[in-house]
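Worksheet: one structure, shown below.
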Amino acid sequence: TDKTGTLTRNEMTVTAIVLPDGRELAVTGAGYAPDGRIVGLDGAAAVAPIPGDLLALLEAGVLCNDAQLRGPTDDEPQWSPIGDPTEVALVTVAIKGGVVPDEVRARLPRRAEIPFDPDAKMMATQHATPQGPRVIVKGAPEMVLELCKATRQDGRDVTLGDEARRALEGVADRMAARALRVLAIGVVDGAEIDGRAGFAAFRGRVSLLGLLGQIDPPRSEVKDAVARCRAAGIRPVMVTGDHKATGQAIARELGIAADGDAAVDGRELERMSDAELADRIEGIAVFARVHPAQKLRIVEAYQRRGEVVAMTGDGVNDAPALARADVGVAMGMSGTEVAKESAKIVVGDDNFATIVAAVEEGRVVYRNIKKAVLLLFSTSVAEVLVLVLAMLLGYPPPFAAVQILWNNLITEGLITVNLVMEPAEGDEMRRRPIARDEPLLTRLLLTRTVFMVGAIVASTLGWFMARTAAGVPAAQVQTETFTLLAICEWFNVLNCRSETRSALTVGVLKNTWLLGGLVVGNLLQVAVVFWTPLGGVFHTVPFGVEQVIALGVVGSLVLWVEELRKLVVRRRFNRA
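Numbering of the sequence shown is given in my numbering, commencing with residue 449 and proceeding in unit increments.
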């Protein structure tokens, strides 16, 4: 899973600023409303008047930026961000520092740009100034610092030595360890953008203006969703473009990374062979600073281990990984059309918790399908066995052909479809995942079928034989046996609602569809037996109340047999 917007709110707020001379400043306020100020770390006094170094940093953040922040209007009383949240946050902090974005952009117009490159982790813009062209570079601290030759302090360039460079790298690491997304901004005076040379043209020419740390708070519901994933046998892994320390801090907060779990960045991943990655991948919880091709490699590494992999993505470059994953999950709000077309699932609200909810719903649906299969399989086999055994024993058919048709279409139809509407049992996310090669007719399902079929055959065929031996008229015996089969199916549908929980504790009112099907089925069975016009069609004759009660008692055998099996299973589970 990606981090920004999926695990977090994607509402970036600059909270920390570090100037090249080492001064650290804090920023108050949250969200995109520019209600706050830039203060010292002690928070005691506002930075006023704004230092020149800070002003240069804030203005550069506005210029190397494609986002806008619209103020409140009569129609929209809130501040409206337009563009990437990371860039909107730079506009917001600039306004807090007294910068007017439109005025700065008009005074120093853009002449050229290098759009953000996910591999280089940087973007650059060229602006016209009274002193000549100027290029502003913005991006990941480690990438921008590689281009830097100096830091700009009080308007002058101070050579960036190895010690000062390491100190700035340490500051960026500490900011990232506080779960901040860190950006570095630098400037090259007198330079122009060469589209062919790209960022390499600025190596050793950039003057660092400062670092900005942004916080993107985790979604409140994600921590619980991650815990539910782990309980369900699903392992969440973060794949992010942020700094390794930032990703690891968020991963630890959300429970994705535990003690001993590693974080690996794109450079480290690049140096790993496939064999080394396969050996280490189980201990890696965070992949940071990765580019799209590496996402595909990560997916394939898990799949070679036999894992079922779901992958989230939103960009065009994510399409190969989304297509290769067993379940590609595209973001519906921020995702591109290419990503959505490449994925199997589109999440409408870009929220990780929604993906987990979809997993739970999928498990409910699969479980209900198996319940319906169990019901149909057990009752159909029992019905066939009753007919075959009766004929082998020399008895007349226990059911008329039209009664079999009624049973298959009406009696079963009214409860089978409704069983699929069964609500969640509550333990779906505490069960192990279903293996991709697991057959629909599992050993457990077949075992339950044997008990159910045995009970239904014993009840139905036993009643038929006993009533026939007692000299009851054939039409009445056939009607009673036909009704008994329906009663067995009604009790059996209650059995099928849970593998281990007693049918007496699973309230039928939880599934109003099933309750309605049982009520309608009973009424129709009464009609087909006791209403003369239907009786003539379905070859039934009425019988007494005593027989109704007796049929109910005998038909319940299938319920008590399954209840005994469930009791044994629960006791074994509790002992285990």
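Just so you know, even glycine gets a beta-carbon here, dropped at the ideal spot from N, CA and C. This structure is a prediction, so every number in the text was calculated from the model and none was measured.
Pairwise C-alpha distance: residue j and residue i
i, j, result
"residue 717", "residue 574", "33 Å"
"residue 932", "residue 826", "15 Å"
"residue 627", "residue 1022", "43 Å"
"residue 519", "residue 694", "31 Å"
"residue 902", "residue 992", "27 Å"
"residue 435", "residue 452", "One cannot answer for residue 435 here, as it falls past the ends of the chain, which runs 449 to 1024."
"residue 1003", "residue 789", "52 Å"
"residue 764", "residue 807", "25 Å"
"residue 869", "residue 959", "7 Å"
"residue 535", "residue 956", "54 Å"
"residue 506", "residue 814", "54 Å"
"residue 967", "residue 861", "13 Å"
"residue 758", "residue 450", "11 Å"
"residue 473", "residue 484", "13 Å"
"residue 1039", "residue 699", "In the structure as shown, the chain begins at 449 and stops at 1024. Residue 1039 is therefore absent and cannot be evaluated."
"residue 936", "residue 834", "13 Å"
"residue 515", "residue 777", "27 Å"
"residue 930", "residue 820", "22 Å"
"residue 772", "residue 761", "12 Å"
"residue 659", "residue 541", "13 Å"
"residue 980", "residue 990", "9 Å"
"residue 846", "residue 829", "15 Å"
"residue 745", "residue 696", "20 Å"
"residue 677", "residue 683", "7 Å"
Best match in the options for proximity to residue i [C-alpha to C-alpha]
i, options, result
"residue 878", "585, 725, 681 and 637", "681"
"residue 922", "843, 880 and 464", "843"
"residue 913", "634, 840 and 899", "840"
"residue 909", "927, 981, 896 and 892", "927"
"residue 947", "925, 875, 611 and 679", "875"
"residue 731", "522, 769, 685 and 752", "685"
"residue 476", "469, 468 and 463", "463"
"residue 871", "865, 812 and 896", "812"
"residue 457", "500, 569 and 663", "663"
"residue 644", "792, 672 and 562", "562"
"residue 736", "1012, 710, 836 and 1014", "710"
"residue 624", "873, 572, 465 and 759", "465"
"residue 616", "858, 861 and 470", "470"
"residue 652", "612, 596, 778 and 569", "596"
"residue 885", "532, 498, 754 and 900", "754"
Helix, strand or coil at residue i according to DSSP, with G and I counted as helix
i, result
"residue 727", "helix"
"residue 847", "coil"
"residue 586", "strand"
"residue 880", "coil"
"residue 682", "coil"
"residue 507", "helix"
"residue 476", "coil"
"residue 742", "helix"
"residue 755", "coil"
"residue 736", "strand"
"residue 988", "coil"
"residue 467", "coil"
"residue 641", "coil"
Beta-carbon gap between residue i and residue j smaller than 8 Å
i, j, result
"residue 734", "residue 703", "no"
"residue 589", "residue 630", "yes"
"residue 650", "residue 606", "no"
"residue 767", "residue 749", "no"
"residue 527", "residue 538", "no"
"residue 800", "residue 503", "no"
"residue 712", "residue 636", "no"
"residue 941", "residue 863", "yes"
"residue 1005", "residue 943", "no"
"residue 855", "residue 962", "no"
"residue 634", "residue 657", "yes"
"residue 893", "residue 818", "yes"
"residue 780", "residue 796", "yes"
"residue 973", "residue 934", "yes"
"residue 559", "residue 576", "yes"
"residue 543", "residue 482", "yes"
"residue 500", "residue 580", "no"
"residue 769", "residue 752", "no"
"residue 655", "residue 706", "no"
"residue 739", "residue 567", "yes"
"residue 822", "residue 896", "yes"
Cβ separation of residue i and residue j, assumed to be a contact under 8 Å, to the nearest whole Å
i, j, result
"residue 547", "residue 510", "6 Å"
"residue 978", "residue 850", "Their Cβ separation, rounded to whole angstroms, is 17 Å, which puts residue 978 and residue 850 out of contact at 8 Å."
"residue 1011", "residue 951", "7 Å"
"residue 587", "residue 632", "7 Å"
"residue 988", "residue 1001", "Incorrect: roughly 21 Å between the Cβ atoms, too far for contact."
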